[in-house]
Amino acid sequence: MPADPIAAAGGVPWRRDDGVVRLAVVHRPRYDDWSFPKGKLRPGELPLLAAVREVTEETGLELVIGRRLPRTSYQSDGGQKTVDYWSMRATGEFVANDETDGMEWLTPEEAVKTLSYADDQALVADLLAVAVAPVRVLLVRHGRAGDSESWSGPDVDRPLDERGVAEAATLADVLPAFGPDRVVSADPLRCRQTLQPLAERLGLLVGPASEFGEDDYLDDPAAARNALAKLLGADSVAAVGSQGGVIPDLLEWLLTSGQPVTGVSPQRRADGPPARKGSVWALTAHDGKVVSADYYGSLLP
171 MPADPIAAAG
181 GVPWRRDDGV
191 VRLAVVHRPR
201 YDDWSFPKGK
211 LRPGELPLLA
221 AVREVTEETG
231 LELVIGRRLP
241 RTSYQSDGGQ
251 KTVDYWSMRA
261 TGEFVANDET
271 DGMEWLTPEE
281 AVKTLSYADD
291 QALVADLLAV
301 AVAPVRVLLV
311 RHGRAGDSES
321 WSGPDVDRPL
331 DERGVAEAAT
341 LADVLPAFGP
351 DRVVSADPLR
361 CRQTLQPLAE
371 RLGLLVGPAS
381 EFGEDDYLDD
391 PAAARNALAK
401 LLGADSVAAV
411 GSQGGVIPDL
421 LEWLLTSGQP
431 VTGVSPQRRA
441 DGPPARKGSV
451 WALTAHDGKV
461 VSADYYGSLL
471 P
């Protein structure tokens, strides 16, 4: 029986110099090659967080996670390896380490010529398939909140249950990697509770955004669409707490131009955008327009 593939994660760090996109390519003395930074997951580690850790360790750069790039698979000395990659906006300077002894900021054309492996070269084309831009909105459905039929109080006051609290804690661990600097939520308590740990982690308050609640959306969907459009065009990253009766419809409204979507099978996407409890849609935008959308259905281990 074949062994399970070795799970790894990495990133394509990028920055703009006078409007020109440049990519960080590292040199590994052990192999005498040039590649994008990557490394193996630790037990129980989420690939997204492993990607940030590995790229930080191999470059010393400060990173903000962007859109998800295609997974690669190849045969390594230890067996079959699969690597999940993300686009990463980067700042800072290279710091030499045990894995890498050099780094170059190259234009995409220079990177393709320098990279030692075809899989890495293909990642450059994947990165450039849409505008190179940051995630602007994290659209979050509230965590699990028990059974509405067994709740005797007003539905707006229904709190997270034990699993929902765990989902909120995990979001607080993971979403800072996207660099959010604003947290807003629909009115229901479960929406606000889902993002409260994140806000506390970031030293922010959860601001009101009632237009992203189901009742308000039913009355005036244009209000939520206008608010979302404004967030997508801002020079910031917003985490937005919403509900299952809102998120799929907003995404149907947004994703009308064949933008790349990850985390959802083609068949599932044909049935409409999913939005399970505790899930996140990371929306990458350029000039206020969504250029890609990544779905994270569950971040719990």
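Quick note: this note's numbering has the sequence shown finishing at residue 471, numbered continuously throughout. Cβ atoms here follow ideal geometry from the backbone N, Cα and C, with glycine treated the same way. In this text the structure is predicted, and so the values were computed from the model without any measurement.
Nearest to residue i (by Cα), restricted to the options the options
i      : options                        : result
Asp422 : Val450, Tyr287, Arg439, Val407 : What sits at residue 422 in the sequence shown is Glu, not Asp. Considering only alpha carbons, the answer is Arg439.
Pro160 : Gly373, Pro207, Ala220, Asp290 : Past the boundaries of the shown model lies residue 160; the chain is included only from 171 to 471, so the question cannot be answered.
Tyr465 : Asp457, Lys459, Leu453         : Leu453
Gly383 : Leu239, Val354, Glu370         : Val354
Tyr255 : Ala338, Val265, Gly236         : Gly236
Val234 : Ser243, Glu228, Thr242, Val222 : Val222
Asp457 : Gly180, Arg259, Asp405         : Asp405
Ala408 : Thr426, Pro378, Leu239         : Pro378
Pro304 : Ser205, Met273, Arg238         : Arg238
Asp419 : Ala445, Gly433, Gly403         : Ala445
Leu345 : Asp317, Gly334, Val310         : Val310
Leu375 : Gly467, Val431, Arg352         : Arg352
Arg259 : Leu193, Met273, Val265         : Leu193
Ser286 : Gln245, Ser246, Glu337, Asp203 : Asp203
Pro240 : Ala455, Ser246, Gly442, Thr432 : Thr432
Glu232 : Asp343, Val265, Asp247         : Val265
Gln245 : Gly403, Pro175, Asp188         : Pro175
Ala455 : Gly403, Gly442, Arg395         : Gly403
Residue j beta carbon less than 8 Å from that of residue i
i      : j      : result
Val182 : Ser257 : yes
Val302 : Trp184 : yes
Asp437 : Ser462 : Before going on, a small fix: residue 437 reads as Gln here, not Asp. No, the Cβ-Cβ distance between Gln437 and Ser462 is not below 8 Å.
Tyr401 : Val460 : Tyr is not the amino acid found at residue 401; the sequence shown has Leu there. No, they are not a contact pair.
Ala339 : Pro367 : yes
Arg501 : Ala315 : Residue 501 is absent from the model: the chain starts at 171 and stops at 471.
Thr261 : Val195 : no
Arg220 : Ala173 : A small fix is needed here, since residue 220 is Ala in this sequence, not Arg. It is not a contact, given that the beta carbons lie outside the stated cut-off.
Asp289 : Thr242 : yes
Leu218 : Ala393 : no
Lys210 : Ala177 : yes
Leu341 : Leu216 : no
Gly313 : Gly467 : no
Ala399 : Ser380 : no
Gln291 : Val300 : no
Buried or exposed (CB count within 10 angstroms, at least 16 for buried), residue i
i      : result
Pro358 : buried
Trp451 : buried
Thr364 : buried
Glu263 : exposed
Glu370 : exposed
Tyr387 : buried
Arg212 : exposed
Gly214 : exposed
Ser205 : buried
Thr226 : buried
Arg186 : exposed
Glu224 : buried
Gly334 : buried
Val434 : buried
Val416 : buried
Glu337 : buried
Beta-bridge partners of residue i, as assigned by DSSP
i      : result
Ile477 : In the structure as shown, the chain starts at 171 and stops at 471, and residue 477 therefore has no counterpart that could be examined.
Met274 : Here residue 274 is Glu; the residue named in the question, Met, does not match the sequence. In the DSSP output, where bridge partners are listed per residue, Glu274 has Val195.
Val201 : At residue 201 the sequence reads Tyr, which differs from the Val that was named. Tyr201 is not bridged to any residue.
Thr432 : Asp464
Trp184 : Leu193, Arg259
Val310 : Gly411, Val450
Leu157 : Limits of the chain in this structure are 171 at one end and 471 at the other, which puts residue 157 out of reach.
Gln245 : Gln250
Ile417 : Per DSSP, none; premise fails for Ile417.
Lys210 : Ala178
Val234 : Arg259
Residue i CB to nearest heavy atom of the ligand NAD below 7 Å
i      : result
Arg439 : Within the structure as shown, the ligand NAD is missing, as the structure has no ligands at all.
Test: residue i CB closer than 8 Å to a CB of chain C
i      : result
Val354 : Reference to chain C is not applicable here, since this structure consists of a single protein chain.
Self-check item: Three CB pairs or more closer than 8 Å across the segment 287-301 and the segment 318-329
Solution: no
Quiz item: Is the number of C-beta pairs between the segment 191-203 and the segment 255-273 that are closer than 8 Å three or more?
Solution: Segment contact: the segment 191-203 against the segment 255-273, three or more CB-CB distances shorter than 8 Å; contact assigned.
Practice problem: Take every Cβ of the segment 313-322, pair it with every Cβ of the segment 243-263, and state whether three or more of those distances are shorter than 8 Å. | Solution: Contact between the segment 313-322 and the segment 243-263 is absent: fewer than three C-beta pairs spanning the two stretches fall below 8 Å.
Practice problem: For the segment 272-291 and the segment 412-422, state whether three or more C-beta atom pairs, one from each stretch, are separated by less than 8 Å. | Solution: no
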